[in-house]
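Worksheet: the structure to be examined is printed underneath.
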Amino acid sequence: MSAGKLIVITGPSGVGKGTIVRSLIARHPELYLSISATTRQPRPGEIDGKDYYFVSKEQFERAIEREELLEWAEYAGNYYGTPKTSVEEQINQGKWILLEIELIGARKVKKIFPDALLIFILPPSLEELGRRLRGRGQDSPEAISRRLVRARAEIEAKDEFNIQIVNDDLETAIEEIEKAIFGQ
Ligand code: ADP
Ligand code: 5GP
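Each residue of the sequence shown is one higher than the one before, starting from 36 at the first, in my numbering.
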């Protein structure tokens, strides 16, 4: 497993990871985005097999038992995990893989793949993070509260990552990430 490259993007919910990753994938066809499995309910417009593999708790726990996940974590009351086979296959083919995952999963990936590039995305402020979560309008007030509590703990761990990028102006943040990934 040497030719491929693993890039991990982490940051609190609502910081803009999904927005950034979608833009990176659209601009750089050589990047492959790993699709995670989750027990969370799909948000309006989310498609099974594209945004996530939406599975039941039982299916997820079976995947854990069968060691089918590269990493997994519980987040705000649901399970999330990265399917092992597809990542290993893509890495072996020399592909560049993006994982958009939370902190516990990122730590696990760092242990398995010490050469992975770990990028942490920060909000300009916690107030702005709250505004983005509410503005997205897709999570209940309770889910937003759980995400904001988790955000504080995640931000405290930012120095465990190779690079920290503040997503204030979106285009600037994307350019900084492109520099980190491709060098310039
Ligand atoms: P995440 O994937 O980290 O949970 P999203 O990509 O869903 O976050 O973004 C959360 C909300 O913030 C979305 O409504 C998105 O349009 C908005 N957003 C993302 N980046 C910025 C930015 N730089 N400035 C203002 N709003 C942003
Ligand atoms: P959301 O419910 O907003 O889509 O995702 C919640 C959190 O789970 C985000 O921080 C997201 O990055 C993270 N996440 C998504 N997929 C995975 C995964 O496969 N593994 C881990 N550990 N976290 C994930």
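All C-beta atoms, glycine included, are put in the ideal place defined by N, C-alpha and C.
Per DSSP, V201 is not a residue of any alpha helix (DSSP H); the beta strand (DSSP E) it occupies stretches across I198 to V201. As a beta-bridge residue in DSSP terms, D83 pairs with Y87.
Taken through DSSP and simplified to helix, strand or coil, I154 comes out as strand. Distances from the CB of G140 to the heavy atoms of the ligand 5GP include at least one below 7 angstroms.
Per DSSP, K130 lies in no alpha helix (DSSP H) and is assigned neither H nor E.
The residues I154 and A215, in chain order, have a CB closer than 6 angstroms to that of I198 in the same chain once the five nearest residues on each side in sequence are set aside. Here A111 has A178, R181, R182 and R185 as same chain residues with Cβ atoms under 7 angstroms from its own Cβ, once five neighbours each way along the sequence are excluded. Excluding residues up to 5 positions away in sequence, E103, L104 and L105 lie with their Cβ nearer than 7 angstroms to the Cβ of K119 in the same chain. Here L134 is buried. Its C-beta has 16 or more other C-beta atoms within 10 Å. If you draw a straight line from the Cα of V122 to the Cα of D83, it comes to about 18 angstroms. Per the Cβ contact rule, the segment 45-62 is not in contact with the segment 88-96 (fewer than 3 Cβ pairs under 8 angstroms).
W131 is positioned such that its CB atom lies no closer than 8 angstroms to that of I55.
For L152, the CB contacts under 8 angstroms within the same chain, skipping 5 residues up- and downstream, are K40, L41, I42, V43, N197, I198, A215 and I216 in chain order. Bridge partners of I42 according to DSSP: L133 and L152.
In this structure, D203 has its CB closer than 7 angstroms to one or more heavy atoms of the ligand ADP. In the assembly as shown, I200 is a buried residue. Its beta-carbon has 16 or more other beta-carbons within 10 Å.
Sequence-distant partners of N202 (beyond 5 residues in either direction) whose C-beta falls short of 6 angstroms from its own C-beta, in its chain, are V50, G51, I156 and A208.
Under DSSP, the beta-bridge partners assigned to L68 are L133. Residue side-chain check: V50 places its Cβ nearer than 7 angstroms to a non-hydrogen atom of the ligand ADP.
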